[in-house]
Amino acid sequence: MLIREVKKELTDHIIPFWRSLRDDTNGGYIGQVDFDLSRRPEADKGCILNSRILWFFSEAYRALGDAELLSEADHAYEMLKRMTDEKNGGVYWALRFDGAVSDGTKHTYNQAFAIYALSAYYRASGREEALNRALALFHLIETRCRDEGGYLEAFTADWRPESNEKLSENGVMATRTMNTLLHVMEGYTGLYEACGDALVREKLYEILDILEKKIWNGEKRRQEVFFDHEYHSLIDLYSFGHDIETSWLADRTLDVLDDPALTARIRPMLLQMADHTYFAAFTDHGFANECEKGAVNQKRIWWVQAEALLGFLNAWERTGDQRYRDAVLTQWAYIRDVLIDRRPGSEWYWYVREDGTPGSDEPIVEPWKCPYHNGRMALEVLKRNPTF
């Protein structure tokens, strides 16, 4: 049964691996594990990685009730406080392993993940300080990280705009990105669940409006990815992973807002996202990464595989379409048999090639490789409790 196997992966593999990276000497968690499983305690500690670890242990504690998981969340919370610029506001991009600031960039994406993590930690621990920090970051994003048209990207430590290398790729430099908007929405959704703030709710409506009117390309049935200031798309790029992720994350936001009229307007678009990726990216051998100018990148990347399973599970719950149920089982079998790294002391490969061989040029842990996608997949499966 799916739920039994996924729970075992969560409790016997994912959780023990990340607990083993706890750094009781310098705080937080070790920031890099190479492909050969060499651990790098001297590696920088990224705020995105730490925020995702804090979110993961907080939600795992809420799901499983194991007090040791809350202790891990406490440990990650203390590191996130150290990653906060108490003078200028916001969280840095990264610290050195010893706590000195190594990259003072203030990125909107980073602030959003800190909100997501702090909101989950507040719900797990009941610590008002964490909620207050999340609300402070929310107000900071709304005053520092946006304009009338929506959300901007990168800033210096003292909040001067800077170029967006960190969330631009494929040869473009974006002023706005789908990815940042998606995760601001995710962070605000978690915050709204935690506190029910009316202004947070209002901003979620605005985000969904931008998603529908600026990001979504109805003709191509996909989201555009990188934009200039006026939301002109900068590249012909179809991110299969982000579309299947958005299809269920935005649907979760609709559930949290509980507005039938809004749901009736937005959900059909989200189901189109899932449906189009099913035909464009999904096979019996995993879920492709993206398509740039007609060329499909066939890498099976860890986070994309996890999000594909959740996107198909959500689509099955919404439609009852048997092909999505079958896709969930096929996707899990691929993850279980190909993507999970069974070497002792490892977790999931960063990616595997189309033929199933692992990509040895990427580490097992780095600033973006975290327990957020695969851990969340497992936690969502447990919560949804599918009977197949």
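Note that this note's numbering has the sequence shown beginning at 11, numbered continuously upward. C-beta atoms are modelled at their ideal positions from N, C-alpha and C, and glycine is treated no differently.
Requested in this report: List the endpoints of the continuous alpha helix (DSSP H) containing Y288.
Outcome: P270 to A291
Query raised in the report: CB G41 to CB F123, shorter than 8 angstroms?
Result: no
Report task. Reducing DSSP to helix, strand and coil, say where I311 ends up. Result -> strand
Query - Presumed contact (8 angstroms Cβ cut-off) between D238 and L247, rounded CB distance - result: Wrong, their Cβ atoms sit about 14 angstroms apart, outside the cutoff.
Requested in this report: To the nearest angstrom, report how far apart A274 and Y102 are at their CA atoms.
Outcome: 39 angstroms
**Report entry** L247, enclosing beta strand (DSSP E) - first and last residue
**Finding:** L247 to S249
Report task. Within 10 angstroms of the Cβ of P270, are there 16 or more other Cβ atoms? Answer buried if so, exposed if not. Result -> exposed
Query raised in the report: Would a C-beta distance cut-off of 8 angstroms place H149 and L192 closer than the cut-off?
Result: no
Report task. Look up L105 in the DSSP assignment and say whether it is helix, strand or coil. Result -> strand
Query raised in the report: Along the chain, where does the alpha helix (DSSP H) that runs through C57 open and close?
Result: C57 to L74
Query raised in the report: Fully enclosed by the segment 295 to 343, which alpha helix (DSSP H) runs are 4 residues long or longer?
Result: 312 to 329
Report task. Classify R49 as helix, strand or coil using the three-state DSSP reduction. Result -> strand
Query raised in the report: So, is T10 buried or exposed, given that buried needs 16 or more other C-beta atoms within 10 angstroms?
Result: A query on residue 10 cannot be resolved here, the shown segment of the chain reaching from 11 to 398 and no further.
Report task. Count the other C-beta atoms from every protein chain shown that fall within 10 angstroms of the C-beta of F289, then say buried if there are 16 or more, exposed otherwise. Result -> exposed
Query raised in the report: Going by other Cβ atoms of all chains shown within 10 Å of its Cβ, with 16 needed for buried, is N227 buried or exposed?
Result: exposed
Requested in this report: Could you tell me if P278 is buried or exposed, where buried requires 16 or more neighbouring beta carbons within 10 angstroms of its beta carbon?
Outcome: exposed
Report task. Inspect the CB distances between the segment 150 to 163 and the segment 180 to 192 and report whether three or more fall short of 8 angstroms. Result -> yes
**Report entry** Identified DSSP bridge partners for T36
**Finding:** Per the sequence shown, residue 36 should be read as Asn rather than Thr. Looking at the DSSP assignment, N36 forms no beta bridge with any residue, so it has no partner.
Query raised in the report: Can R154 and T199 be called in contact, C-beta distance under 8 angstroms?
Result: no
Query - Beta-bridge pairing of E212 - partner residues as DSSP gives them - result: DSSP, once it has assigned bridges, lists no residue as partnering E212.
Query raised in the report: Mind checking S249: buried by the 16 CB within 10 Å criterion, or exposed?
Result: buried
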